[in-house]
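S.K.: Sharing a structure, written as structure tokens. Questions coming.
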Amino acid sequence: MKAEFASCELCPRRCRIDRNAGFRGFCGAGDGLRLFRWGPHFGEEPPVTGKNGSGCIFFSRCTLKCVYCQNSPWSWKGGGEDVTVARLAEIMRDLALKDKVSNWNLVSPTPYLPLIREAKEILAAEGVSLPFVWNSSGYERTEILEEYRDLCDIALFDLRYSRNETAMRYSSAKDYVETARRAVEWAWKNTKPIVRVLVLPGHADEAIESLAFIANRVSREVPVSVMCQYVPSFMAKTIPPLSRGVTEAEYHQVVESLELLGLENGWTQGFGAADASNVMLGENMEPGSGTIR
Ligand code: SF4
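Going by the working numbering, the sequence shown opens with residue 14, and the numbers climb by one from there.
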């Protein structure tokens with residue numbers, strides 16, 4: 014029973030329903046933890062992957078729910094298994110001590126933050142600690158980021174849209190743009206951000222607008238990760254233009270804008286590369302593996 018669940022406002026949806034009493038809000042999370050998958054992962058950006066991989070923990074449910082989601086079996090449909098806080102602590106302990114991962118990478122953690130903190134405290138009492146990566150859509154409340162600052166050593170946030178009409182159409186989030194941009198600004202001031210910009214088919218202009226926001230309103234030093242790995246998934250298979258892939262011309266248009274905007278920190282992906290491995294921009298980042306295990 015967590016006080017934060019009694020009238021849940023952990024994400025910008027602010028459902029204010031009582032998860033302790035069995036009600037479920039937009040994300041569909043209950044009053045306990047639910048995980049889909051966990052393990053070392055070598056496909057993140059080099060500073061996150063590190064030497065031994067990033068200890069990814071994929072939480073079931075999601076606060077954004079995009080029509081093109083590649084993770085719909087657990088983000089939309091809630092696949093996975095219910096676990097206790099003690100079990101989450103055990104998973105995190107194994108990742109840290111057996112797999113020797115570089116960090117705990119919390120993928121879509123927001124509905125479960127109070128329970129994740131409990132697991133962290135169990136491990137802290139044992140002297141087990143690692144940096145936390147908060148890996149999300151960027152659709153976060155800054156008040157909650159502030160409250161759970163201890164779970165955010167690296168903010169791996171997306172900027173998916175630059176227009177709310179698109180955010181509403183594809184992710185039912187009419188306030189996505191200002192909300193995610195505030196989250197990125199918070200991350201730049203308070204922790205280490207990496208901002209992911211996924212190029213969507215037919216929306217390369219929005220990716221460029223998101224990069225322009227970073228360059229002009231946050232800092233040209235922010236590490237950015239421009240991604241071309243979009244493939245039509247889930248409902249997007251029948252929604253043009255999301256029903257096709259990103260063209261090489263669209264992707265290059267976005268990559269070319271990086272130089273024009275003076276963004277030199279971060280990575281792009283090789284277009285059409287089988288492993289979509291990261292290619293380093295500038296010279297300020299540690300190189301690393303782009304292979305996904
Ligand atoms: S975490 Fe889930 S229940 Fe809580 S406000 Fe967000 S969508 Fe609603």
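By construction, the Cβ of each residue, glycine as well, lies at the ideal position given by its N, Cα and C atoms. Treat the numbers as computed from the prediction; the structure is a model and nothing was measured.
With C-beta atoms as the reference, is residue 71 less than 7 Å away from residue 44?
M.R.: Here residue 71 is taken as the residue at index 58 of the sequence shown, counted from 1. Here residue 44 is taken as the residue at index 31 of the sequence shown, counted from 1. The answer is no: Cβ separation not under 7 Å.
S.K.: Please classify residue 253 as buried or exposed, where buried requires at least 16 neighbouring CB atoms within 10 angstroms.
M.R.: As a working mapping, residue 253 is identified with position 240 in the sequence shown. Its Cβ having fewer than 16 others within 10 Å, residue 253 is exposed.
S.K.: Could you tell me which residues DSSP pairs with residue 206 in its beta bridges?
M.R.: One-based indexing of the sequence shown puts residue 206 at position 193. Its beta-bridge partners are 168.
S.K.: In whole angstroms, give me the CA-to-CA distance for residue 133 and residue 170.
M.R.: If you number the sequence shown from 1, residue 133 lands on position 120. If you number the sequence shown from 1, residue 170 lands on position 157. Taking the straight line joining both Cα atoms gives about 21 Å.
S.K.: I'd like the list of long-range same chain contacts for residue 297, defined as Cβ closer than 6 Å, with 5 residues on each side in sequence excluded.
M.R.: Mapped onto the sequence shown, residue 297 falls at position 284. Confidence in residue 297 is poor, its pLDDT being 33 and thus under 50, which makes the residue's placement unreliable; the coordinate value appears in the next sentence. Result list for residue 297: 278, in chain order.
S.K.: Give the straight-line distance between the Cα atoms of residue 36 and residue 30, rounded to the nearest whole angstrom.
M.R.: As a first step, residue 36 is located in the sequence shown; it is residue number 23 there, counting from the start. As a first step, residue 30 is located in the sequence shown; it is residue number 17 there, counting from the start. For residue 36 and residue 30, the distance between alpha carbons rounds to 6 Å.
S.K.: When you compare the CB positions of residue 255 and residue 249, do they come within less than 7 Å of one another, or not?
M.R.: As a first step, residue 255 must be located in the sequence shown, where it is residue number 242. As a first step, residue 249 must be located in the sequence shown, where it is residue number 236. In contact: residue 255 and residue 249 (Cβ atoms closer than 7 Å).
S.K.: Distance, Cα to Cα, residue 32 vs residue 190?
M.R.: By one-based count along the sequence shown, residue 32 stands at place 19. By one-based count along the sequence shown, residue 190 stands at place 177. Between residue 32 and residue 190, the C-alpha separation is close to 27 Å.
S.K.: Expressed to the nearest angstrom, what Euclidean distance is found between the alpha-carbon atoms of residue 144 and residue 166?
M.R.: Here residue 144 is taken as the residue at index 131 of the sequence shown, counted from 1. Here residue 166 is taken as the residue at index 153 of the sequence shown, counted from 1. Straight-line Cα distance between these residues: approximately 6 Å.
S.K.: Determine the burial state of residue 123: buried for a count of at least 16 other Cβ atoms within 10 Å of its Cβ, exposed for fewer.
M.R.: Working through the sequence shown from its first residue, we reach residue 123 at position 110. The residue is buried, with at least 16 neighbouring Cβ atoms inside 10 Å.
S.K.: According to DSSP, simplified to helix, strand and coil, what is residue 94?
M.R.: Counted from its first residue, the sequence shown places residue 94 at position 81. Residue state, collapsed to three classes: strand.
S.K.: For residue 240, is the classification buried or exposed, using 16 other Cβ atoms within 10 angstroms of its Cβ as the cut-off for buried?
M.R.: Position 227 of the sequence shown, counted from the first residue, corresponds to residue 240. With 16 or more other Cβ atoms within 10 Å, it is buried.
S.K.: So, at 7 Å on beta carbons, what are the nonlocal neighbours of residue 23 in its own chain, with the 5 sequence-adjacent residues on each side left out?
M.R.: Taking the sequence shown and counting its residues from 1, the one referred to as residue 23 is at position 10. 17, 123, 124, 126 and 157.
S.K.: Under 8 Å Cβ to Cβ from residue 287, same chain only, skipping five residues before and after it: list those, please.
M.R.: Counting from 1 along the sequence shown, the entry for residue 287 is found at position 274. Only weak support is given to the placement of residue 287: the predicted model assigns it a pLDDT of 44, under 50, and the value that follows is read from those uncertain coordinates. Cβ neighbours of residue 287 beyond the five flanking positions: none.
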